[in-house]
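These notes concern the structure reproduced below.
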Amino acid sequence: MRRYSWETGPFQSQYLAAFKHRNFRLFFVGQLLSISGTWMQKVAEGWLAYRITGSALMLGLVAFAWGAPAIFLSPIAGLIADRMDRRRMLMFGQAAAMVQAFTLALLTLKGWITPTRLALLALVMGVVNSFENPARHSFFAQLVSREDLINAIGLNATLVYTARVVGPAVAGLIIAAYSEGVCFFINGLSYMAVLLCVQVMQFEKRGRERRSLSTLELLREGSGYVKKNHLVRSLLMLFAVMNFAGVPYLTLMPMMAGVVLGMGATGLGCLFAASASGSLICGIFMAGRPEPLGLLKAVLVASLLFGTALFGLSLSREFFLALAVLPFIGGGYLVT
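With this note's numbering, letter number 297 in the sequence shown gets 298, and the count goes up by one each step, no holes.
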């Protein structure tokens with residue numbers, strides 16, 4: 002019988018090149034479990050907020066508490082990740098997120114959860130993510146060789162979109178069969194998988210490159226580049242408008258599922274998964290483009306598709322019609 006290893010045979014494919022590296026394989030498995038668990042928790046938190054309050058305002062507050070810290074902390078966290086031990090920073094972030102998930106699970110399963118406690122715990126997760134995400138993204142440089150870095154980034158993007166399909170769908174089934182607290186508990190376990198995978202990674206000892214610029218100088222340099230580059234500035238403004246005016250549809254999805262479409266938690270999970278499936282398909286398509294020619298045109302078309310599909314979703318009163326529209330929203334957002 003012919004045997005293959007990660008270094009030979011079909012694993013030499015350009016599409017799987019990053020899997021030659023043991024550390025990347027460990028990271029990939031851990032992240033698949035962790036991100037799936039994170040999306041399970043996001044769906045469960047939204048449904049829990051809707052169930053205990055029936056308020057769209059509460060849904061917005063929970064989402065704001067989760068996302069707002071990134072606005073203020075992510076630039077600083079990115080610079081910290083560039084200067085500190087990224088492995089240690091990543092493990093600390095995963096451990097903190099695990100504690101948050103288990104705390105939320107305990108409060109929910111015991112019936113001690115309140116809207117205020119839910120919002121505060123969402124804020125804690127937002128702060129943790131603000132520091133953990135930059136560390137995780139920059140960690141790629143230590144996992145693979147330079148020539149396999151682009152492939153690793155592409156495989157990770159596919160992983161994220163796959164987890165966004167699987168996590169919400171599983172969350173809907175678990176909430177319907179048990180409760181939101183079980184989703185939070187499973188998410189806590191998923192962080193243990195990442196901690197284990199990162200712990201057993203092996204790295205060669207090498208000196209860390211020292212930066213000559215201060216934190217303020219680096220921030221000033223980045224903002225100066227954006228001001229001088231009209232294309233980058235325009236794309237950032239487009240992305241900001243889409244995130245401010247369009248992406249909140251995800252926050253209001255529990256209201257859409259429960260009030261407008263008359264569905265339960267299972268239906269909510271399917272709606273999230275449908276949106277993510279569009280992102281997954283478009284992500285694979287974009288990763289297969291040999292060169293960035295025509296990318297600006299694709300971004301403009303995708304933003305128009307996103308807005309049109311979102312308008313169609315607002316008019317939807319049937320569950321299957323919403324399922325048909327959501328992949329176009331997810332795909333349009335991904336390309337933009």
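Just so it is clear, CB atoms sit at the ideal spot from N, CA and C, and this is done for glycine as well.
{"Query": "Selection from N24, F204, Y162 and I282 that minimises the alpha carbon distance to T39", "Result": "Y162"}
{"Query": "Cβ shell of F204 (< 8 angstroms), same chain only, five flanking positions each side left out", "Result": "N24, R88 and Q143"}
{"Query": "Rounded straight-line distance, which links the Cα of A172 to that of A60", "Result": "For the sequence presented, residue 60 should be read as Leu rather than Ala. If you take the alpha carbons of L60 and A172, they lie about 17 angstroms apart."}
{"Query": "Where L311 falls, given that 16 or more other Cβ within 10 Å makes a residue buried", "Result": "buried"}
{"Query": "Reference R118, options Q32, A50 and E181, closest by Cα", "Result": "A50"}
{"Query": "Coarse secondary structure for M99, derived from DSSP in three states", "Result": "helix"}
{"Query": "Within 9 angstroms, strictly: CB atoms of G333 and G279", "Result": "yes"}
{"Query": "Own chain partners of L156 with C-beta closer than 6 angstroms, once the 5 adjacent residues on each side are dropped", "Result": "A19"}
{"Query": "Inside the stretch 135-199 only - alpha helix (DSSP H) runs reaching at least 4 residues", "Result": "150-178"}
{"Query": "Cβ separation of I176 and A266, assumed to be a contact under 8 angstroms, to the nearest whole Å", "Result": "4 angstroms"}
{"Query": "Neighbourhood of F140 by C-beta, 8 angstroms cutoff - its chain only, sequence neighbours within 5 removed", "Result": "F28, R87, R88 and L91"}
{"Query": "Span of the alpha helix (DSSP H), counted from its first residue to its last, around N24", "Result": "R23 to T54"}
{"Query": "Given 8 angstroms, three or more beta-carbon pairs between the stretch 297-311 and the stretch 183-195", "Result": "no"}
{"Query": "Simplified DSSP state of I330, which is helix, strand or coil", "Result": "helix"}
{"Query": "Assigned secondary structure, L335 (DSSP; H/G/I helix, E/B strand, else coil)", "Result": "helix"}
{"Query": "Member of L34, Q101, I36 and P76 whose CA lies at the smallest distance from the CA of S224", "Result": "P76"}
{"Query": "Length of the line joining the Cα atoms of V242 and A194", "Result": "36 angstroms"}
{"Query": "Beta-carbon spacing of F286, V44 below 9 angstroms", "Result": "no"}
{"Query": "Three-state class that DSSP yields for G265 in the structure shown", "Result": "coil"}
{"Query": "Three-way DSSP call (helix, strand, coil) for L281 in this model", "Result": "helix"}
{"Query": "Which listed residue (A258, I282 and V100) has its alpha carbon closest to that of A57", "Result": "A258"}
{"Query": "Whole-number beta carbon distance between L196 and Q95, since they are thought to touch under 8 angstroms", "Result": "5 angstroms"}
{"Query": "Alpha carbon of G22 to alpha carbon of Q200, nearest angstrom", "Result": "For the record, residue 22 in the displayed sequence is His; it is not Gly. Roughly 16 angstroms separates the two Cα atoms."}
{"Query": "A246 classed as buried or exposed, judged by whether at least 16 other C-beta atoms fall within 10 angstroms", "Result": "exposed"}
{"Query": "A325 in three-state terms, based on DSSP", "Result": "helix"}
{"Query": "Whole-number beta carbon distance between S37 and V167, since they are thought to touch under 8 angstroms", "Result": "5 angstroms"}
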